[in-house]
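For reference, the structure is listed below as structure tokens.
Residue numbers (this note's numbering): 11 to 220.
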């Protein structure tokens with residue numbers, strides 16, 4: 011799972027995504043991605059982790075809600091999302107990272123980058139996590155001390171499941187994907203999206219490791 015890229019790699023990938031983006035009809039992209047497009051502004055509004063990002067068309071410039079440029083990885087994920095979105099509604103049928111196309115051999119890296127930091131950071135913070143889930147997500151009817159569906163992009167939810175440490179087992183966190191997720195982003199982007207989600211969740215709870 012190649013989560014680390016040089017700045018030059020990210021620039022090249024972003025320029026490639028912009029070339030693909032400007033070849034597509036904006037109304038078509040908006041309808042398939044569940045975003046909105048304004049013809050007067052020539053821009054998309056894309057909800058991303060609960061904030062409204064703007065993407066200009068056809069330039070493909072991605073900006074945060076305050077008008078500042080989005081980070082390189084954020085911009086690439088959002089552009090890929092608009093280009094690749096297939097339009098299918100989530101089924102709320104959950105699969106592990108290893109079950110995504112081409113992901114099986116990268117599962118240890120996903121656990122190390124996403125699930126292990128969540129397990130450590132959320133340990134002992136059960137009530138804080140429940141409060142966070144009430145504000146940012148919705149409850150999922152699956153086993154776990156906390157199970158929350160977090161729509162990080164339109165039609166692209168993640169399922170976060172956490173069980174706190176007890177006398178028998180250590181704290182454990184899982185991040186699962188809707189079965190429709192590969193119709194919205196390539197597998198590598200989904201892994202990066204989950205890493206971003208883990209970081210943002212821990213930041214929200216003040217649980218980032220120094």
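We put the beta carbon where it would ideally sit given N, CA and C, even for glycine.
What residues match up with residue i in a beta bridge as DSSP calls it?
| i | result |
| --- | --- |
| residue 212 | None, per the DSSP bridge assignment. |
| residue 88 | None; residue 88 has no bridge partner. |
| residue 163 | 166 |
| residue 46 | 55 |
| residue 182 | 173 |
| residue 188 | 104 |
| residue 158 | 149, 170 |
| residue 63 | 56 |
DSSP on residue i, reduced to helix/strand/coil?
| i | result |
| --- | --- |
| residue 217 | coil |
| residue 57 | strand |
| residue 202 | helix |
| residue 22 | helix |
| residue 124 | helix |
| residue 135 | coil |
| residue 16 | coil |
| residue 195 | coil |
| residue 141 | helix |
Tell me whether residue i, by its Cβ, gets closer than 7 Å to a heavy atom of the ligand ADP.
| i | result |
| --- | --- |
| residue 143 | Of the ligands one can find in the structure shown there are none, so the ligand ADP has no counterpart to examine. |
Could you round the C-beta distance between residue i and residue j to whole angstroms and report it? I think they count as a contact, below 8 Å.
| i | j | result |
| --- | --- | --- |
| residue 62 | residue 75 | 5 Å |
| residue 192 | residue 100 | The Cβ separation is near 12 Å, so there is no contact. |
| residue 156 | residue 203 | Contact flag wrong, Cβ pair sits at about 20 Å. |
| residue 135 | residue 215 | 6 Å |
Three Cβ pairs or more, each shorter than 8 Å: is that satisfied between the stretch 193–207 and the stretch 90–109?
yes
Enumerate, from N- to C-terminal direction, the unbroken alpha helix (DSSP H) stretches of 4 or more residues contained entirely within the stretch 65–118.
82–94
Pairing CB atoms from the stretch 117–132 with CB atoms from the stretch 205–217, are three or more of them under 8 Å?
yes
Please confirm if the stretch 171–190 is in contact with the stretch 70–85, defined as three or more CB-CB distances below 8 Å between the two stretches.
no
Three or more C-beta pairs closer than 8 Å, one from the stretch 127–145 and one from the stretch 171–182: is that the case here?
yes
Can you find at least 3 beta carbon pairs, one from the stretch 78–89 and one from the stretch 27–36, that sit closer than 8 Å?
The stretch 78–89 makes contact with the stretch 27–36, as at least three CB pairs between them are under 8 Å.
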